[in-house]
Amino acid sequence: MSANALPSDPTEELRELRQQVDRLKRDNESLRERLRCEELNHRIALETRDEASHETVQQTVPAAVDARVQETMPELVDARVQEIMPGLVNARVQELVPVLVDAEVQKLMPELVKIATAEAQEVTIAEVQDAQRMAVEEREKRERVEERPRGFEQFKDLFRDKNTRRT
Numbered sequence: 000m001s002a003n004a005l006p007s008d009p010t011e012e013l014r015e016l017r018q019q020v021d022r023l024k025r026d027n028e029s030l031r032e033r034l035r036c037e038e039l040n041h042r043i044a045l046e047t048r049d050e051a052s053h054e055t056v057q058q059t060v061p062a063a064v065d066a067r068v069q070e071t072m073p074e075l076v077d078a079r080v081q082e083i084m085p086g087l088v089n090a091r092v093q094e095l096v097p098v099l100v101d102a103e104v105q106k107l108m109p110e111l112v113k114i115a116t117a118e119a120q121e122v123t124i125a126e127v128q129d130a131q132r133m134a135v136e137e138r139e140k141r142e143r144v145e146e147r148p149r150g151f152e153q154f155k156d157l158f159r160d161k162n163t164r165r166t
């Protein structure tokens, strides 16, 4: 039907228009369905891409992290060890010194007892020797003191003899 032509039958034209409307509705519905499918496909593609990206990330990130860890771990460990080593060593030394000292004392105890006994004996011997020397000196002193009076008595006797001779 042309735009200039007059409708021959309005019923026919109405039926054609209804058919066109129905066709347009079907086309519209078909287009809407296609649009929904396109949107769904697009969403599926995005999700698939996201999942693929996620899987790729899950596969590549641990490997990359492992590689980076392997690369930096010695430096990180060295730095951390340098940072905490003095404290650890000091704590361990504080922990072990009493145990080590006790073990060393236990190991050396028999030798220490021998040394102490020998020193005590040396002191005792030295004390005895000092006491003996002092006793000898004291006795010699007494003997000298005892000799003096005898000598003095003899001198006195001599002096008396001289005096008695003069008189």
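Just so it is clear: in the sequence shown, position 155 is 154 by my numbering, and no numbers are missing.
Glycine is no exception: its CB is placed at the ideal position from the N, C-alpha and C atoms.
**OP:** For Ile83, collect the residues of the same chain with a Cβ closer than 6 Å to its Cβ; drop the 5 residues on either side in sequence, then sort them by chain order.
**Re:** Translated into the one-based positions of the sequence shown, residue 83 becomes position 84. The answer is none, since no qualifying residue turns up.
**OP:** Please report how far the alpha carbon of Pro97 lies from the alpha carbon of Leu107, in whole angstroms.
**Re:** Your numbering for residue 97 matches position 98 in the sequence shown. Your numbering for residue 107 matches position 108 in the sequence shown. Cα to Cα, Pro97 sits roughly 15 Å from Leu107.
Original post:
In its own chain, which residues sit with a C-beta less than 8 Å from the C-beta of Leu210, not counting the 5 before and 5 after it?
Top reply: Residue 210 cannot be examined here, being either before or after the span of the chain that is shown, 0 to 166.
**OP:** Closer than 6 Å by C-beta to Gln131: which residues in its own chain qualify, once you throw out the five before and the five after it? Chain order, please.
**Re:** Numbered from its first residue, the sequence shown carries residue 131 at position 132. Nothing meets the Cβ criterion.
Original post:
When burial is assigned at 16 or more other CB atoms within 10 Å of the CB, is Met0 buried or exposed?
Top reply: One-based indexing of the sequence shown puts residue 0 at position 1. Low per-residue confidence applies at Met0: pLDDT is 49, beneath 50, and the placement is therefore not dependable enough to give any value.
Original post:
If you draw a straight line from the C-alpha of Arg79 to the C-alpha of Asn89, how long is it?
Top reply: Mapped onto the sequence shown, residue 79 falls at position 80. Mapped onto the sequence shown, residue 89 falls at position 90. Going by the C-alpha atoms only, they are around 16 Å apart.
**OP:** Compute every distance between the C-beta of Ile114 and the non-hydrogen atoms of the ligand FMN, then say whether any falls below 6 Å.
**Re:** Ligands displayed in this structure: none; no statement on the ligand FMN is therefore possible.
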